[in-house]
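I have placed the structure first, in the form of C-alpha cells, so that the comments after it can refer back to it.
Protein chains in written order, with the working numbering: chain A, 18 to 133; chain B, 635 to 746.
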C-alpha cells in the first residue's frame with residue numbers, strides 16, 4: 018500500500034528565510050505527487066504537482082518541489098518565506114498504477130509558523 | 635468560474651443519527667472524491683465517483699455511502715453516527731481520473 022511520510026510536524030522560520038518541507042513516499046512505481054496548503058478551518062489549495070517529465074516543478078506562490086526517485090522524496094522549497102505562508106502543508110501521492118491521480122494518500126502534514 | 639462548494643459549513647448531530655453532506659463540483663469536472671480529515675491529521679480517502687459510478691473506496695464502513703448526480707454534484711451520507719465521525723469532510727473534484735483535484739472548503743461535522 019502506498020504511504021506518505023512528512024517527518025516534520027512543526028517548522029518555524031523567519032520571514033525572508035528559505036524553506037524546505039520534507040516528504041517521503043512509499044510506492045511501487047512512479048507516483049503522481051502533490052503538495053497542498055491548508056489555512057486554518059479551510060479546504061486545501063493545490064500548490065504544485067508532479068506527473069512525469071522534469072523532476073523540478075514550479076507551483077504557485079513561488080513554491081517549487083523536486084522529485085528524487087532514488088530517495089523516494091518530493092521536498093517542497095521556497096527561497097524566501099512570507100508571513101502569509103504560515104499554514105499547514107500536506108504532501109500527497111496518487112495511484113499512478115491505476116491511472117488515477119485523484120485517489121490521494123496524504124501525509125500527516127507540516128505546520129509552518131513564520132516569525133517576523 | 636465557480637469553484638467547489640460544500641454545504642452546510644457546520645453541522646452538529648447526535649450519536650446514532652444520520653447526516654447528508656453536499657458538494658457541487660467545479661464546472662466541467664466529472665469526478666468527485668470525498669475525504670475525512672480528523673483534527674490534526676491528513677485527509678483520508680473515503681470514496682470517489684466518476685460519471686455517476688463509484689470508482690474506488692477507502693477503508694470506511696458501509697454506513698458511509700454516496701451518490702453522484704447527472705450534473706456531477708455529489709452527496710455523502712453517513713448513517714448511525716459515531717463520536718469518531720467528528721471531522722472536517724472535504725469534497726474534491728477534477729476533470730477526470732488522471733487530473734489533479736480541487737478541494738472545497740469542507741463541512742465541519744461534530745457528533746455529540
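Each residue gets a CB set at the ideal place from its N, CA and C atoms; glycine is no exception.
Please list the partners that residue i has in chain B, where partner means a Cβ-to-Cβ separation under 8 angstroms.
i             : result
residue 122/A : 679
residue 66/A  : 734
How many Å lie between residue i and residue j at the Cα?
i             : j             : result
residue 640/B : residue 49/A  : 26 angstroms
residue 46/A  : residue 693/B : 22 angstroms
residue 684/B : residue 741/B : 21 angstroms
residue 729/B : residue 35/A  : 34 angstroms
residue 709/B : residue 660/B : 15 angstroms
residue 682/B : residue 696/B : 14 angstroms
residue 123/A : residue 656/B : 23 angstroms
residue 24/A  : residue 56/A  : 20 angstroms
residue 89/A  : residue 648/B : 43 angstroms
residue 84/A  : residue 37/A  : 13 angstroms
residue 738/B : residue 105/A : 16 angstroms
In chain B, what lies closer than 7 angstroms to residue i by C-beta?
i            : result
residue 60/A : 724, 737, 738, 739, 740
residue 63/A : 734, 736
residue 51/A : 734
Got a sec? Which residues, its chain only, sit under 7 angstroms from residue i by beta carbon, not counting five neighbours each side?
i             : result
residue 53/A  : 61, 62, 63, 64, 107, 109
residue 672/B : 721
residue 706/B : 659, 663, 664, 666
residue 103/A : 129, 130, 131
residue 22/A  : 41, 124
Alpha carbons only, please: which of the options is nearest the one belonging to residue i?
i             : options                    : result
residue 121/A : 664/B, 660/B, 680/B        : 680/B
residue 718/B : 690/B, 643/B, 706/B, 650/B : 650/B
residue 638/B : 713/B, 746/B, 724/B        : 724/B
residue 19/A  : 76/A, 133/A, 41/A, 55/A    : 41/A
residue 33/A  : 86/A, 100/A, 128/A         : 100/A
residue 736/B : 744/B, 743/B, 726/B, 745/B : 726/B
residue 112/A : 39/A, 44/A, 23/A, 24/A     : 44/A
residue 669/B : 691/B, 746/B, 716/B        : 691/B
residue 698/B : 652/B, 644/B, 642/B        : 652/B
How would you list, in chain order, the residues of chain A whose beta-carbon sits under 7 angstroms from the beta-carbon of residue i?
i             : result
residue 676/B : 107, 123, 124, 125, 126
For residue i, which residues of its own chain have a beta-carbon under 6 angstroms away from its beta-carbon, when the five flanking residues on both sides are left out?
i             : result
residue 68/A  : 49
residue 646/B : 744
At a CB-CB cut-off below 9 angstroms, which residues of chain B make contact with residue i?
i            : result
residue 84/A : Those within 9 angstroms of residue 84/A in chain B number zero; the least Cβ separation is about 15 angstroms.
Can you give me the Cβ contacts of residue i inside the same chain, cut-off strictly under 8 angstroms, excluding the 5 residues immediately before and after it?
i             : result
residue 79/A  : 95, 96, 97
residue 132/A : 29, 30, 31, 32
residue 731/B : 665, 684, 689
The ligand SAM heavy atoms versus the CB of residue i: any closer than 7 angstroms?
i             : result
residue 646/B : Summarising the ligand content, the structure contains no ligands, and the ligand SAM is consequently not present.
Against residue i, what residues of chain A qualify as contacts under a CB-to-CB distance less than 8 angstroms, listed in chain order?
i             : result
residue 700/B : Chain A residues near residue 700/B: none, gap ~14 angstroms exceeds 8 angstroms.
residue 662/B : Correct list: empty, because the minimum Cβ distance to chain A is about 15 angstroms.
Open item on the list: Would you call the region 690-704 of chain B in contact with the region 26-37 of chain A, where contact means no fewer than 3 C-beta pairs closer than 8 angstroms?
Closed with: no
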